[in-house]
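Protein sequences, first through last, are from chains G and X.
Per the working numbering, the very first residue in the first sequence carries number 1; after that it's consecutive.
Per the working numbering, the very first residue in the second sequence carries number 117; after that it's consecutive.
Glycine residues also receive a C-beta, built at the ideal position from the N, C-alpha and C atoms.
Note that the structure is predicted; figures quoted are calculated from it, not measured.
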Amino acid sequence: ETGVTQSPTHLIKTRGQQVTLRCSSQSGHNTVSWYQQALGQGPQFIFQYYREEENGRGNFPPRFSGLQFPNYSSELNVNALELDDSALYLCASSETGTGSAGEKLFFGSGTQLSVL
Amino acid sequence: GNSVTQMEGPVTLSEEAFLTINCTYTATGYPSLFWYVQYPGEGLQLLLKATKADDKGSNKGFEATYRKETTSFHLEKGSVQVSDSAVYFCALALRNFNKFYFGSGTKLNVKP
Chain G
1 ETGVTQSPTH LIKTRGQQVT LRCSSQSGHN TVSWYQQALG QGPQFIFQYY REEENGRGNF
61 PPRFSGLQFP NYSSELNVNA LELDDSALYL CASSETGTGS AGEKLFFGSG TQLSVL
Chain X
117 GNSVTQMEGP VTLSEEAFLT INCTYTATGY PSLFWYVQYP GEGLQLLLKA TKADDKGSNK
177 GFEATYRKET TSFHLEKGSV QVSDSAVYFC ALALRNFNKF YFGSGTKLNV KP
């Protein structure tokens, strides 16, 4: 049990719709990262938020956006959904965003998004 | 660029067999290396890590040694159990930024 919770656990949307995924980070953690895990693949970095500011972004288009709130919980928003967006979306929290020799990430169980 | 390559699965072993899952990496800097494990229906959990060359990470009978000369971080266990059945991910993270690069995962099936 990592203390990172994500909601919802499963979601079905149609192409073109918008979706919001939520993450509550582990107590005491001020950094949240989002990863996309396609079926049979490893997680791919989407972006990271540190103290409510974006702190790095992977190779994802602008229709993937995020927020981090003062309590360090976070949202991932995806606009204009495409079929290829179907994946498991993982949220991970850590103590700081400064990357001290690769600090430990605590992952949630993920949100399984299906785009039809 | 930065990337991780791990052996394709699934790997099927009998209980008490020896396990090796190969992992090699490419990095633009000096990375820290990790093995994460994902059980069915769950998120990823850190299994072990090593932050510098020749370090050995170990946990729950699993071991991996950071080999800078061969850019490898192979996962080993001397005697696997049925409960070790899961997907194992090798990953690297560069210093000064907490972004992880994951391999594609290796599924391990352990039969009684």
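Within its chain, find whatever has a CB closer than 8 angstroms to the CB of residue i; leave out the 5 residues flanking it on each side and keep chain order.
i: L160/X; result: Y152, V153, Q154, F205
i: Q37/G; result: P43, Q44, A87, L88, Y89, L90, G110
i: Q26/G; result: T2, G3, V4, S93, F106
i: R15/G; result: L81, E82, L83, V115, L116
i: L11/G; result: V19, L21, T111, Q112, L113, S114
Run through the DSSP bridge pairs and tell me what residue i is partnered with.
i: G66/G; result: L76/G
i: E53/G; result: Y50/G
i: Y155/X; result: BP columns for Y155/X are empty, so no partner.
i: L88/G; result: Q37/G, Q112/G
i: P147/X; result: L210/X
i: V19/G; result: V78/G
i: F117/G; result: This structure leaves residue 117/G out entirely; chain G is present only between 1 and 116.
i: F45/G; result: Y35/G
i: S25/G; result: Answer by DSSP bridge pairing: none, since S25/G is not bridged.
i: V120/X; result: Y141/X
Chain X beta carbons: is any one of them nearer than 7 angstroms to that of residue i?
i: A101/G; result: For A101/G, the predicted structure reports a pLDDT of 49, less than 50, and the residue's modelled location is therefore unreliable. The matter cannot be settled from this model.
i: F60/G; result: no
i: L90/G; result: yes
i: G110/G; result: yes
i: G3/G; result: no
i: G56/G; result: yes
i: H10/G; result: no
i: Q68/G; result: no
i: K117/G; result: Any question about residue 117/G goes unanswered here, given that chain G covers just 1 to 116.
i: Q26/G; result: no
i: Q41/G; result: yes
i: F107/G; result: yes
i: F47/G; result: no
Check whether the Cβ of residue i lies closer than 7 angstroms to any Cβ atom in chain G.
i: G125/X; result: no
i: G219/X; result: yes
i: G145/X; result: no
i: F205/X; result: yes
i: L159/X; result: Position check: residue 159/X holds Gly in this sequence, whereas Leu was assumed. True, the Cβ-Cβ gap to chain G drops below 7 angstroms.
i: F215/X; result: Correcting the residue identity first, residue 215/X is Lys in this sequence and not Phe. Yes, K215/X lies at the interface with chain G (some Cβ there is under 7 angstroms from its Cβ).
i: L162/X; result: yes
With a threshold of 6 angstroms on Cβ separation, who are the neighbours of residue i within its own chain once the five nearest residues in sequence on each side are excluded?
i: K193/X; result: L135, G177, F178
i: V203/X; result: Q154, G221, K223
i: A101/G; result: With a pLDDT of 49 at A101/G, under the threshold of 50, the modelled position of that residue is not reliable, and no figure is offered here.
i: L21/G; result: L76, Y89, T111
i: G99/G; result: Low confidence applies to G99/G: its pLDDT is 49, below 50, so where it sits in the model is not reliable enough to give any reading.
i: S195/X; result: E132
i: F60/G; result: I46
i: S7/G; result: R22
i: T181/X; result: K172
Could you pull out every residue in the same chain whose Cβ sits closer than 7 angstroms to the Cβ of residue i, ignoring the five residues on either side in sequence?
i: T5/G; result: S24, G108
i: S89/X; result: The shown model of chain X, from 117 to 228, leaves out residue 89/X, and the question about it has no answer.
i: L162/X; result: F150, Y152
i: Y217/X; result: N118, S119, V120, A207, L208
i: S174/X; result: L164
i: E158/X; result: none
i: G145/X; result: L210, R211
Checklist line | Ranges of the beta strand (DSSP E) found wholly within the segment 158-224 of chain X, counting only runs of at least 3 | finding: Correct list: 160-166, 172-175, 178-181, 191-193, 202-210, 216-218.
Next item on the list: Check whether the segment 118-125 of chain X touches the segment 67-85 of chain G, counting contact only when three or more Cβ pairs, one atom from each stretch, lie closer than 8 angstroms.
Entry: Touching, no, given that fewer than three Cβ pairs across the two stretches are closer than 8 angstroms.
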